[in-house]
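Participant:
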Amino acid sequence: RALLMEGAERVIVIEKDRRFIPALQLIQQQALFPNSKESRLVIVNGDILEENEEELIEKYLPKEYQSEPSQCKVGVIGNLPFSVSTACLIKWVKQASKREGVFAYGRSQCVLAFQAEVADRIIAKPNSKEYGRLSVMSQ
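Residue numbers (our numbering): 5 to 143.
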């Protein structure tokens, strides 16, 4: 809701838990484009690990978002559950290096919330007990 209130032209939500869909639909009904019945909020009931973000962008975002990588207007915002946070971060790091997914449209900003244990592994220093693959790939 805050993203839409701050002026985001379009927000695509990928939510796996069906229990949250009705609340998202209420927001969707309030987020219509001016003089339109089309909502600025797109709800995808799916798994972030299985969804093809690039296809969603091509389907739902204006073409100018897809054509100017130096002015990237595509971002990722997420509150990731512990069970998928490592897999999502690794997926996005790989996509960024290959300019795929959301990174096919330029330097997409990512704002991600992780549980403390995952965050500690992301920022871990060499030779610490938390240091590992996730630290190496994300730093």
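Heads up, the beta-carbon is just placed ideally off N, CA and C, and yes, glycines get one too.
Does Ala117 pass the burial test, meaning 16 or more other C-beta atoms within 10 Å, or should it be called exposed?
Facilitator: By the 10 Å Cβ count, Ala117 comes out exposed.
Participant: For Ile127, report the span of its beta strand (DSSP E) as first-last.
Facilitator: Neither: Ile127 is in no beta strand (DSSP E) and is coded neither H nor E.
Participant: Please list the terminal residues of the continuous beta strand (DSSP E) segment that includes Ile81.
Facilitator: Gly79 to Asn83
Participant: Using beta-carbon positions only, say whether Gly102 and Leu53 come within less than 8 Å of one another.
Facilitator: Looking at the sequence provided, one finds Lys at residue 102 rather than Gly. No, the pair does not count as a contact, with Cβ atoms beyond the cut-off.
Participant: Locate the beta strand (DSSP E) running through Ile18, then write down its first and last residues.
Facilitator: Val15 to Glu19
Participant: For Leu30, does the count of other Cβ atoms within 10 angstroms reach 16, so buried, or fall short, so exposed?
Facilitator: exposed
Participant: Taking the CB atoms as reference points, tell me whether Cys114 and Val80 lie closer together than 8 Å.
Facilitator: Taking a C-beta distance under 8 Å as the contact criterion, Cys114 and Val80 qualify as a contact pair.
Participant: Relative to the alpha-carbon of Gly105, which residue among Gly82, Lys20 and Leu60 has its alpha-carbon at the smallest distance?
Facilitator: Leu60
Participant: Could you give the residue range of the beta strand (DSSP E) that holds Gln113?
Facilitator: Gln113 to Ala117
Participant: Thinking C-beta only, is Glu13 closer than 8 Å to Ile47?
Facilitator: no
Participant: Leu65: which of Gln34, Pro38 and Ser43 sits nearest, CA to CA?
Facilitator: Ser43
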